[in-house]
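Worksheet: the structure to be examined is printed underneath.
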Amino acid sequence: MSKKNSYLGPLFIIGILFFVMGFVTWVNGTLITFFKKAFSLDNTSSYLVTFAFFISYTVMAIPCSMVLKKTGFKNGMSLALGVMAVGTLIFIPAAEMASYPLFLVGLFTIGIGLTVLQTASNPYATILGPRESAAQRISIMGIANKSAGIFSQIIFGKLLLAGASTGDPKSELDKVAMPYLVLTAVLVILALVIRMSKGLVEVSEEEDDAPVVGQPVVAQKTSVLQFPNLVLGVLALFCYVGAEVIAGDTIISYGVSLGFPEEEARLFGTYTLYGMMTGYLLGIVLIPKYVSQQAYLKFSAILGLIVTVIAVNSTGFTSVLCIAILGFANAVIWPALWPLALSGLGKFTKIASALLVMGISGGAVLPLVYGSIADSIGSTQKAYWILVPLYIYMLYFGFAGHKKKSW
Numbered sequence: 000m001s002k003k004n005s006y007l008g009p010l011f012i013i014g015i016l017f018f019v020m021g022f023v024t025w026v027n028g029t030l031i032t033f034f035k036k037a038f039s040l041d042n043t044s045s046y047l048v049t050f051a052f053f054i055s056y057t058v059m060a061i062p063c064s065m066v067l068k069k070t071g072f073k074n075g076m077s078l079a080l081g082v083m084a085v086g087t088l089i090f091i092p093a094a095e096m097a098s099y100p101l102f103l104v105g106l107f108t109i110g111i112g113l114t115v116l117q118t119a120s121n122p123y124a125t126i127l128g129p130r131e132s133a134a135q136r137i138s139i140m141g142i143a144n145k146s147a148g149i150f151s152q153i154i155f156g157k158l159l160l161a162g163a164s165t166g167d168p169k170s171e172l173d174k175v176a177m178p179y180l181v182l183t184a185v186l187v188i189l190a191l192v193i194r195m196s197k198g199l200v201e202v203s204e205e206e207d208d209a210p211v212v213g214q215p216v217v218a219q220k221t222s223v224l225q226f227p228n229l230v231l232g233v234l235a236l237f238c239y240v241g242a243e244v245i246a247g248d249t250i251i252s253y254g255v256s257l258g259f260p261e262e263e264a265r266l267f268g269t270y271t272l273y274g275m276m277t278g279y280l281l282g283i284v285l286i287p288k289y290v291s292q293q294a295y296l297k298f299s300a301i302l303g304l305i306v307t308v309i310a311v312n313s314t315g316f317t318s319v320l321c322i323a324i325l326g327f328a329n330a331v332i333w334p335a336l337w338p339l340a341l342s343g344l345g346k347f348t349k350i351a352s353a354l355l356v357m358g359i360s361g362g363a364v365l366p367l368v369y370g371s372i373a374d375s376i377g378s379t380q381k382a383y384w385i386l387v388p389l390y391i392y393m394l395y396f397g398f399a400g401h402k403k404k405s406w
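Numbering of the sequence shown is given in numbering that gives the first Met the number 0, commencing with residue 0 and proceeding in unit increments.
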């Protein structure tokens with residue numbers, strides 16, 4: 000069997016895990032709108048959904064990397080799915096007690112499980128094959144992730160947002176119980192399947208330990224913080240995930256604030272995900288044969304800047320469509336950032352991956368800032384200006400930040 004073919008089985012399993020990650024992650028946009036109505040929340044309070052979900056990446060990333068060192072990739076992934084199942088199960092008593100804080104605890108717990116999956120699966124997909132095509136492989140994973148997100152938004156949008164409201168918060172919250180009970184069962188089954196699978200093999204991060212011409216040998220480095228491309232990459236990932244979550248998770252509430260009925264607005268989040276999938280497909284075709292990951296990163300950041308400016312200066316569905324187009328602009332930034340930030344890390348790859356995963360906390364902090372700005376100025380549309388400096392920094396990383404190899 001060729002080395003390339005030996006990658007296919009493990010990558011298929013990783014693709015399934017990316018599908019699971021997408022399903023539980025992208026339902027947040029629907030939950031924000033649902034909880035906002037059920038608990039009569041303001042914008043800032045409603046975005047505690049994304050805060051609780053993504054802040055776990057900062058709190059748990061380093062501990063999770065330590066767990067992976069003990070368990071290895073395979074058992075770590077199985078454990079992660081089990082932790083996620085605990086989180087989804089918490090939704091049942093939260094609905095029964097009509098407790099928003101308990102829902103947030105459930106989301107935080109799901110996030111802990113996802114932290115382990117992210118810490119293991121992204122470097123796994125990066126290492127399994129040539130680094131110059133890593134963005135292509137992670138793009139394929141992204142399609143699995145976003146297609147799952149589309150399914151989850153359609154399913155949960157239909158269950159939670161479609162139809163007339165009962166007017167009774169307790170009755171509304173009961174809609175959550177059954178789908179999350181089913182989701183818990185699916186996660187438990189997957190955890191067992193991964194545990195027993197013979198398809199996942201351990202990969203060695205030292206495979207990437209070869210010296211880079213003109214650069215210090217990895218063995219001479221004593222700290223992961225001695226790699227500027229990593230440190231700057233963590234900040235770029237923080238900005239990126241914040242921008243991605245704002246584009247994907249605020250669009251439904253934004254549509255409702257513009258006067259669109261929930262029945263129509265519930266599908267707006269899928270437009271963003273369709274945009275991302277289109278971007279991933281284009282990335283798979285173009286990278287690295289026609290366009291480098293760096294060039295695509297620069298293009299994406301510039302497009303994000305342009306579309307953001309149009310979004311805050313247009314009206315109605317045109318503005319909503321611009322936020323959805325941000326999905327296309329964002330698509331390949333994630334898969335391009337990972338290999339650029341991990342380039343030359345060698346034996347530091349696992350801890351570096353954990354630091355990059357901590358950057359996912361941008362999805363916790365920045366949507367909350369967006370909501371706070373929207374509440375303070377009374378405009379969910381003008382609050383999108385927060386995206387401009389984020390794309391400017393990503394553009395810097397694409398042009399210069401990733402090339403920096405010493406401080």
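For each residue, glycine too, the CB sits at the ideal point set by N, CA and C.
Considering only the alpha carbon of each residue, which of the options lies closest to residue i?
i, options, result
"Met83", "Leu116, Ala97 and Gly112", "Gly112"
"Thr282", "Asn228, Ile142 and Leu367", "The sequence given here has Gly at residue 282, not Thr. It is Ile142."
"Thr183", "Val85, Ser299 and Ile286", "Val85"
"Lys346", "Met59, Ala37, Lys220 and Gly110", "Lys220"
"Val66", "Lys349, Gly400, Gly232 and Asp374", "Lys349"
"Ala310", "Gly370, Val290 and Thr379", "Thr379"
"Ser55", "Gly14, Ser45, Phe38 and Leu116", "Leu116"
"Val308", "Cys321, Phe316 and Glu95", "Cys321"
"Tyr6", "Ser405, Ile126, Phe107 and Ile251", "Ile126"
"Pro393", "Thr118, Gln293 and Trp384", "Note that residue 393 corresponds to Met in the displayed sequence, not to Pro. Per the Cα distances, Gln293."
"Val255", "Ile31, Ser151 and Tyr289", "Ile31"
"Lys351", "Phe316, Val233 and His401", "A small correction: the amino acid at residue 351 is Ala; Lys does not occupy that position in the sequence shown. Here the closest residue by C-alpha is Val233."
"Leu386", "Leu367, Lys402 and Lys403", "Leu367"
"Ala37", "Ile12, Lys402, Phe150 and Ala93", "Ala93"
"Phe17", "Asn144, Leu103 and Ile245", "Asn144"
"Leu266", "Ala124, Phe107 and Ile149", "Ile149"
"Phe50", "Pro100, Ser64 and Gly377", "Pro100"
"Thr43", "Ala399, Gly370 and Trp406", "Gly370"
"Thr57", "Ile13, Ala300 and Phe107", "Phe107"
"Pro338", "Cys63, Tyr279, Asn27 and Pro129", "Pro129"
"Phe407", "Met20, Ala235, Ser64 and Pro62", "Outside the shown range of the chain, which is 0 to 406, sits residue 407, and nothing can be said about it."
Taking all protein chains shown into account, do 16 or more other C-beta atoms lie within 10 angstroms of the C-beta of residue i, making it buried, or fewer, making it exposed?
i, result
"Tyr295", "buried"
"Met177", "exposed"
"Asp41", "exposed"
"Leu47", "buried"
"Gly213", "Reliability fails at Gly213, whose pLDDT of 45 lies under 50, so the model's placement of it is uncertain and no value is given."
"Ala246", "buried"
"Ala399", "exposed"
"Leu191", "exposed"
"Gly75", "buried"
"His401", "buried"
"Val181", "exposed"
"Tyr289", "exposed"
"Asn312", "exposed"
"Pro260", "exposed"
"Ser377", "Correcting the residue identity first, residue 377 is Gly in this sequence and not Ser. So Gly377 ends up on the exposed side."
How many angstroms separate the CA atom of residue i from the CA atom of residue j?
i, j, result
"Leu160", "Ser360", "27 Å"
"Ile154", "Ser170", "19 Å"
"Asp208", "Met275", "Model confidence at Asp208 stands at a pLDDT of 44, short of 50, so the residue's coordinates are unreliable; what they give is reported in the following sentence. Asp208 and Met275: Cα-Cα distance of roughly 33 Å."
"Phe90", "Phe72", "28 Å"
"Ala382", "Leu189", "40 Å"
"Asp374", "Leu272", "26 Å"
"Leu325", "Ser98", "33 Å"
"Leu224", "Ala79", "27 Å"
"Ser45", "Phe34", "7 Å"
"Lys174", "Ala363", "25 Å"
"Trp384", "Gly358", "21 Å"
"Arg136", "Thr118", "16 Å"
"Thr109", "Ala328", "Note that residue 109 corresponds to Ile in the displayed sequence, not to Thr. Spanning the two alpha carbons is a distance of roughly 27 Å."
"Leu229", "Leu336", "10 Å"
"Lys297", "Gly343", "21 Å"
"Ala340", "Lys69", "24 Å"
"Val331", "Asp167", "42 Å"
"Ala147", "Phe22", "5 Å"
"Glu262", "Ile15", "30 Å"
"Gly81", "Val185", "10 Å"
"Ser291", "Ser151", "32 Å"
"Leu138", "Val284", "The amino acid at residue 138 is misidentified as Leu; the sequence shows Ser. Cα to Cα, the separation comes out at about 10 Å."
"Leu231", "Val104", "31 Å"
"Ser120", "Ile193", "13 Å"
"Ser222", "Cys238", "24 Å"
"Gly8", "Ser318", "42 Å"
"Ala235", "Tyr395", "9 Å"
Assuming residue i contacts residue j under a Cβ cut-off of 8 Å, what Cβ separation, rounded to an integer in Å, is found between them?
i, j, result
"Gly315", "Leu355", "Between Leu355 and Gly315 the Cβ distance is about 38 Å, and since that is not below 8 Å, they are no contact."
"Gly268", "Leu389", "Not quite, the Cβ-Cβ distance comes to about 19 Å (not below 8 Å), so this is no contact."
"Met59", "Thr24", "Their Cβ separation, rounded to whole angstroms, is 15 Å, which puts Met59 and Thr24 out of contact at 8 Å."
"Tyr179", "Thr87", "5 Å"
Problem set entry | In chain order, each beta strand (DSSP E) run of at least 3 residues that lies wholly inside the stretch 49-73 | none
Exercise. If you scan the stretch 217-255 from start to end, which runs of the alpha helix (DSSP H) of 4 or more residues do you find wholly inside it?
Worked result: 227-248
Exercise. What are the uninterrupted segments assigned as alpha helix (DSSP H) that are 4 or more residues long and contained completely in the stretch 335-390, given in chain order?
Worked result: 348-357 and 361-376
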